[in-house]
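Trainee: Dumping the structure here so I can ask a few things about it.
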Amino acid sequence: MNRRSLLAAPLLLPALAATQAHAQAQNPTRLRMALLPDENASTIIQNAQPLRTHLMQALGRDVQVVVTTDYSSMIEAMRFGRIEIAYFGPFSYVLAKSRAEGIEPFAVGVERGSPTYRSIIIATADGPVKKLEDVRGHPMAFGDQASTSSHLVPRATILRRTGLVGERDFRVVHVGTHDAVARTVQSGRAPVGALSELIFHSLLARNVIQRERLVDVAFSDPIPNYPMVMQGNLAPELKQAIRNAFLNLRDGELLRNFRVEGFAATDDAAYDVLRETARILNLDLGRMS
């Protein structure tokens, strides 16, 4: 892995009050779950309704689903205990973990039998970019700075395969969401861009973008998929119930809304590959988060 009836959680509480609530709310009667704003917020909220219903039934308590304004606000909400559960992107989880050591990844999306996905680099069909080396000298559209498949991984892929460095050999342009990247490239405002392959195919299926106006340039190596993450100070029985609610989820329609066929158990070590990717790119996790 979206605002009306769901987006009511107090994500902008003062940090002190949030920290106090975080320390006290080990077994809250209401759980707040945040979803990553990697697409249009209204689409995410629409897709989230069945998951909210499932969790309320499985956990026997109210569940409030929110979409934060950007990746950084989601990281800060987790850090200060304003949310109990979050569906992070892989790299935004790594950034969150660097600020909030107590949070725990517990489930990862599985697609086609694998807990991984890929980034795709696309170009305008009639534009100047036909292969990765052609990125040199052109603006390239990326999503949020903390996005895995729409920033971190594609930049590392270009570096490893061509030696081209962002901001030295090509201009880095952040446009926010994955769908904004696709639209930017299709319109020609940037001749090349990167986003999640799964989101790319979803945008095609929904006719948000047109296949004939875009070409595939490259795919990344497999990336560990989006993790579900919870606050580590929740009561043990509640944490187990939350794990079970995701790991035992079998509703195909609900799962398709999150572009997965199921959830498998995961842990922090699964995301070390992204810490290494950030190191290769000379990114300071502390400064980014």
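Under mature numbering (1 follows the signal peptide of the UniProt record, and there is no 0), the residues of the sequence shown are numbered -23 to -1, 1 to 266, in order.
By construction, the Cβ of each residue, glycine as well, lies at the ideal position given by its N, Cα and C atoms.
From a predicted model like this one, the values you see are computed outputs, not experimental measurements.
#1: Out of N210, N4, D15, R7, state which residue places its alpha-carbon closest to the alpha-carbon of A157.
#2: When we look at the beta-carbon of A182 and count the other beta-carbons within 10 Å, is it buried (16 or more) or exposed?
#3: Spatial neighbours of N4 within its chain, please: C-beta separation below 6 Å, excluding the five flanking residues on both sides.
#4: Tell me, please, which residues DSSP counts as bridged to H151.
#5: Taking buried to mean at least 16 other C-beta atoms within 10 Å of its own C-beta, is H128 buried or exposed?
#6: Roughly how many angstroms separate the alpha carbons of F147 and H115, rounded to a whole number?
#7: Can you confirm whether G114, when its beta carbon is compared against all beta carbons of chain D, has any partner nearer than 8 Å?
#8: If I measure Cβ to Cβ from A(-1) and keep anything under 6 Å in the same chain, skipping five residues before and after, which residues do I get?
#9: Are L36 and A222 closer than 8 Å when you measure CB to CB?
#10: If you run the structure through DSSP and keep just helix, strand and coil, what is L172?
#11: Which residues mark the beginning and the end of the alpha helix (DSSP H) in which T243 is found?
#12: Just the Cα atoms here: how many angstroms apart are M10 and P105?
#13: Go to G140, then tell me how far its alpha helix (DSSP H) extends in each direction, as first and last residue.
#14: Do you know how far the Cα of G170 is from the Cα of R113?
#15: Taking the straight line between their C-alpha atoms, what separation do you get for V152 and V130?
#16: DSSP three-state label for S49, please.
#17: Count the other CB atoms, across all protein chains shown, that sit within 10 Å of the CB of A167; report buried if there are 16 or more and exposed otherwise.
#18: Using 8 Å for Cβ pairs, my map puts V40 next to M33. What's the rounded Cβ distance?
#19: In terms of residues, what are the limits of the beta strand (DSSP E) holding A195?
#20: Tell me the start and end of each unbroken alpha helix (DSSP H) in the segment 61 to 131 that is at least 4 residues and wholly inside, in chain order.
#21: Applying the 10 Å Cβ sphere with the 16-neighbour rule, what's the burial state of S96?
#22: Excluding sequence positions up to five away, which residues of its chain have a Cβ less than 6 Å from the Cβ of A2?
#23: Count the other C-beta atoms from every protein chain shown that fall within 10 angstroms of the C-beta of F177, then say buried if there are 16 or more, exposed otherwise.
Mentor: Well, looking at it:
#1: D15
#2: exposed
#3: A212, L215
#4: F119
#5: buried
#6: So the two alpha carbons sit approximately 5 Å from each other.
#7: As a matter of chain content, chain D is missing from the structure shown, which is built from one protein chain.
#8: Bear in mind that a pLDDT of 45 at A(-1), under 50, signals an unreliable position, so the model cannot answer this.
#9: yes
#10: L172 carries a strand assignment under DSSP once its states are collapsed to helix, strand and coil.
#11: Per DSSP, T243 belongs to no alpha helix (DSSP H) and is neither H nor E.
#12: 42 Å
#13: From DSSP, G140 is part of no alpha helix (DSSP H); its letter is neither H nor E.
#14: 13 Å
#15: When rounded, the distance between both Cα atoms is 16 Å.
#16: DSSP places S49 within a helical segment (H, G or I) once states are collapsed to three.
#17: buried
#18: Confirmed, about 5 Å.
#19: 191 to 196
#20: 67 to 76
#21: buried
#22: Note that A2 has pLDDT 47, beneath the 50 cutoff, so the model's placement of it is unreliable and no number is given.
#23: buried
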